[in-house]
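K.L.:
If you read the sequence shown in the numbering used here, its first letter stands for residue 32, the second for the next number, and so on.
The structure that follows is given in the form of structure tokens.
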Amino acid sequence: MDKPKKKKKTPKLIQFLMGYSLGFISWLVGLHCLVVDQTGSVSISVKRFRRHLFKVFLWTLEIGLLINLMGLYRGWIMGASTYEIELAFLVKSIIFLYIKVFWPRVFPEILPGMHVFFCPQCYQKQTFKFLPVSFQFGFFVTYLCNYCSCLVNGWGEQIFYPVTVSAGKIKSNLMKTVPAVLVAMALGVAAFQYVWGLF
Numbered sequence: 032m033d034k035p036k037k038k039k040k041t042p043k044l045i046q047f048l049m050g051y052s053l054g055f056i057s058w059l060v061g062l063h064c065l066v067v068d069q070t071g072s073v074s075i076s077v078k079r080f081r082r083h084l085f086k087v088f089l090w091t092l093e094i095g096l097l098i099n100l101m102g103l104y105r106g107w108i109m110g111a112s113t114y115e116i117e118l119a120f121l122v123k124s125i126i127f128l129y130i131k132v133f134w135p136r137v138f139p140e141i142l143p144g145m146h147v148f149f150c151p152q153c154y155q156k157q158t159f160k161f162l163p164v165s166f167q168f169g170f171f172v173t174y175l176c177n178y179c180s181c182l183v184n185g186w187g188e189q190i191f192y193p194v195t196v197s198a199g200k201i202k203s204n205l206m207k208t209v210p211a212v213l214v215a216m217a218l219g220v221a222a223f224q225y226v227w228g229l230f
């Protein structure tokens, strides 16, 4: 008898990157800001969408500043002495540890799509990261609790059942969210150019 052919499995890293990319794109366009009422109609939560746009603005500004500061730092460290490199490493370590100990929520709150929340089922403090399950569960912006496997949406709310909303129903809302997100990113770039021009 012929041996059964082994099915090719997609490497876990590729699956993770694909899932994270899908979750990130869904987060970026603001799908987690959509709310579904009992009749199945979809609308944008203005309060949540404002918070999302502000975070996208800050994220764009942060990325621009970080890239340019890293370039300046690399140029400086190439010509620095051993003593200066050791001193710079020590200062960076102290600053990082200080922020990690006294302001632990800073990094998760400024990174795109991440935030600190308490699981609504087991009440454990966690950091939201993208773990897309399906479009029917939180429009791909979901996270699975490490402690109790509770599925939560982008705002830390538990998802109990599939959202019976087709992709076609959110198209009209995407026509509003995507341009607003692009404007927020453009404002972030403009703010970066202004801030960088001051130095």
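Yeah, the Cβ is synthetic: ideal placement off N, Cα and C, and Gly gets one too.
Remember, predicted model here, so these are calculated numbers, not experimental data.
(1) Might you give, ordered along the chain, the residues of its own chain that have their beta carbon closer than 7 angstroms to the beta carbon of V73, omitting 5 neighbours on each side?
(2) Going by beta carbon distance, what residues of the same chain come within less than 6 angstroms of F149, once the five residues before and after it are set aside?
(3) Which of the three DSSP states is assigned to Q46 in this structure?
(4) Whose CA, out of M216, V214, H63, lies closest to the CA of I190?
(5) Any idea if W58 is buried or exposed, counting beta-carbon neighbours within 10 angstroms, 16 or more meaning buried?
(6) With DSSP collapsed to three states, give me the class of T208.
(7) Output yes or no for whether 9 angstroms exceeds the beta carbon distance between M216 and F85.
(8) In three-state DSSP terms, what is Q152?
(9) Since L65 sits in a beta bridge, which residues does DSSP pair it with?
(10) Using CA coordinates, which residue listed in V172, M206, C153, W186 is at the minimum distance from S180?
(11) Report the residue from V77, F133, Y174 whose alpha carbon sits nearest the alpha carbon of L53.
(12) What separation, rounded to the nearest whole angstrom, lies between the Cα atoms of G61 and L118?
(13) On the premise that R79 lies in contact with W186, defined as a C-beta separation below 8 angstroms, what is that separation, rounded to the nearest angstrom?
(14) What would DSSP say about V183, mapped onto helix, strand or coil?
P.N.:
Result, derived from the coordinates:
(1) L65, V67, V196, K200, I201, N204
(2) K156
(3) helix
(4) H63
(5) Sixteen is the threshold: when 16 or more other Cβ atoms of the shown chains lie within 10 Å of the Cβ of W58, as they do, the residue is buried.
(6) helix
(7) Taking 9 angstroms as the Cβ cut-off, M216 and F85 do not qualify as a contacting pair.
(8) coil
(9) I75
(10) C153
(11) Y174
(12) So the two alpha carbons sit approximately 43 angstroms from each other.
(13) Yes, they are in contact, since the Cβ atoms of W186 and R79 sit about 7 angstroms apart, within 8 angstroms.
(14) strand
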